[in-house]
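Here the structure comes first, spelled out in structure tokens, and everything after it is commentary.
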Amino acid sequence: MTVSPSSFISFVSEIFPLLQIYAGSFFTIPLIRWFLVQKRNGEIERRNRSREQYAQALERPDVSLRTKLLSARDMAQRTFIGQDRIVYSTDKDLYEQDYDAQQWEKKFREIEKSE
């Protein structure tokens, strides 16, 4: 089967709009992607500059920030988490923890009834 040149030219002329769309998308899709990447990079740069400014503020704090940081450190050192404040521990078996939880619920309901 041979294809005559006139039928090939007519075929190409029929699909020519599709070829134009393909050629246009070949250049526009990377161009759009480049703009999106530039926008995202700008947002990342702004976020990084902001983080850097906060880090510098923590390295050289002013008087009010220094007092807040010192009081936060003191408060963190004073906080002690004892056995009564622990909710979950791997020291006990799951069955024991269920029993303890039931006992706690029982005490809690008794306190609610007494009020």
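According to the working numbering, the sequence shown is numbered sequentially starting from -19.
Positions of the beta carbon are idealized from the N, C-alpha and C atoms, including for glycine.
On a predicted model such as this, the values are computed, not experimentally measured, just so you know.
### Task
Grab me the residues of LEU49's own chain with a C-beta within less than 7 Å of its C-beta, minus the 5 sequence neighbours each way, in chain order.
If you number the sequence shown from 1, residue 49 lands on position 69. For LEU49, where only same-chain residues beyond five positions count, the Cβ hits under 7 Å are PRO41.
### Message
I need the straight-line Cα distance from ASP78 to ALA56, nearest angstrom please.
### Response
As a working note, residue 78 is residue 98 in the sequence shown. As a working note, residue 56 is residue 76 in the sequence shown. The alpha-carbon atoms of ASP78 and ALA56 are separated by roughly 31 Å.
### Query
What first and last residue would you give for the alpha helix (DSSP H) that runs through ILE91?
The residue labelled residue 91 in the question sits at position 111 within the sequence shown. Element bounds for ILE91: 74 to 94.
### Message
Mapping the DSSP letters down to three states, classify ARG31 as helix, strand or coil.
### Response
For the purposes of this step, residue 31 is taken as the residue at position 51 of the sequence shown. Residue state, collapsed to three classes: helix.
### Query
Per DSSP, what kind of secondary structure is THR59 in: helix, strand or coil?
One-based indexing of the sequence shown puts residue 59 at position 79. Here THR59 sits in coil by DSSP.
### Query
Between ALA52 and LEU45, which are expected to be in contact by the criterion C-beta below 8 Å, what is the C-beta distance as a whole number of angstroms?
As a first step, residue 52 is located in the sequence shown; it is residue number 72 there, counting from the start. As a first step, residue 45 is located in the sequence shown; it is residue number 65 there, counting from the start. At roughly 10 Å, the Cβ-Cβ gap does not stay under 8 Å, so ALA52 and LEU45 are not in contact.
### Message
Can you determine whether any heavy atom of the ligand GTP sits closer than 7 Å to the C-beta of ILE91, and answer yes or no?
### Response
The model depicted lacks the ligand GTP and carries no ligand whatsoever.
### Message
Let me make sure I understand the geometry here. Which of PHE7, THR70, ASP64 and ASP73 has the alpha-carbon closest to that of TRP84?
### Response
Translated into the one-based positions of the sequence shown, residue 84 becomes position 104. Nearest of PHE7, THR70, ASP64 and ASP73 to TRP84, Cα basis: ASP64.
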